[in-house]
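Numbering follows the working numbering, in which position 96 of the sequence shown is assigned residue number 102; successive positions increment by one, without gaps. A virtual CB, placed ideally from N, CA and C, is assigned to each residue, including glycine. Some notes on the structure that comes next.
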Amino acid sequence: MREQLEVSFPGGKRVDVRIRDFEIPTDQPVKLRGEASAPQPFDLFLASMAACAGFYALNFCQSRTVSTEGLGLSMLWERDEKQPLQANARLRLTLPSGFPPKYRNGIVRAMELCAVKKHIQNPPEFTIEIPN
């Protein structure tokens, strides 16, 4: 599978990305001379991890016709200030009232299938090209 993403630079510190029919705006905070008009690119990286895990939790419940009312997920991202690339992503799943105990381990295993997480664990190779 191949995905073509197109990047545009609409002004200031904005960098927008088009993927398929979606335009994803990004910006930098005011302290970095941006306008804080959109999430920073790193914010989207974090959001993609949480959203992916959330999708697998939601899908787990829906495929078993378990109510998702009250289902919640939060993610705490903690970085080591001395080694900024060392970090811990802590996902906290809130189960709906009446969630069947027999599914507790299963929903965790489902969330472990997150494609974003798997790509972080097995990172892609990056190549930068400048065509002639």
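Where residue i falls, given that 16 or more other Cβ within 10 Å makes a residue buried
i, result
"leucine 77", "buried"
"alanine 116", "buried"
Supposed close pair residue i, residue j - CB separation, criterion 8 Å
i, j, result
"phenylalanine 66", "isoleucine 113", "5 Å"
"alanine 95", "arginine 85", "Rounded, the Cβ-Cβ distance is 10 Å, inconsistent with contact."
"isoleucine 30", "leucine 52", "Actually they do not touch by this definition, with Cβ atoms about 14 Å apart."
Under 8 Å between C-beta atoms of residue i and residue j
i, j, result
"arginine 20", "serine 43", "yes"
"alanine 59", "leucine 97", "yes"
"leucine 79", "leucine 99", "yes"
Selection from the options that minimises the alpha carbon distance to residue i
i, options, result
"methionine 55", "Cys120, Gln92, Glu9 and Leu99", "Cys120"
"glycine 17", "Arg39, Glu9 and Leu11", "Arg39"
"leucine 91", "Gln46, Phe132 and Ile126", "Ile126"
"tyrosine 109", "Ser73, Pro129 and Glu29", "Ser73"
"glutamate 118", "Thr133, Pro130, Glu87 and Ala57", "Ala57"
C-alpha gap between residue i and residue j, whole angstroms
i, j, result
"serine 103", "threonine 32", "37 Å"
"glutamate 135", "lysine 124", "26 Å"
"phenylalanine 48", "valine 23", "13 Å"
"proline 106", "valine 122", "27 Å"
"serine 14", "asparagine 111", "43 Å"
"proline 137", "asparagine 128", "28 Å"
"glutamate 9", "glutamine 46", "22 Å"
"threonine 71", "alanine 63", "12 Å"
"valine 36", "glutamate 87", "22 Å"
"phenylalanine 132", "serine 69", "36 Å"
"glutamine 34", "glutamine 89", "22 Å"
Any non-hydrogen atom of the ligand NAP closer than 7 Å to residue i Cβ
i, result
"glutamine 46", "What this structure holds is no ligand at all, so the ligand NAP is not there to describe."
Cβ of residue i within 8 Å of any chain C Cβ
i, result
"methionine 55", "In the displayed structure, chain C is absent; only one protein chain is listed."
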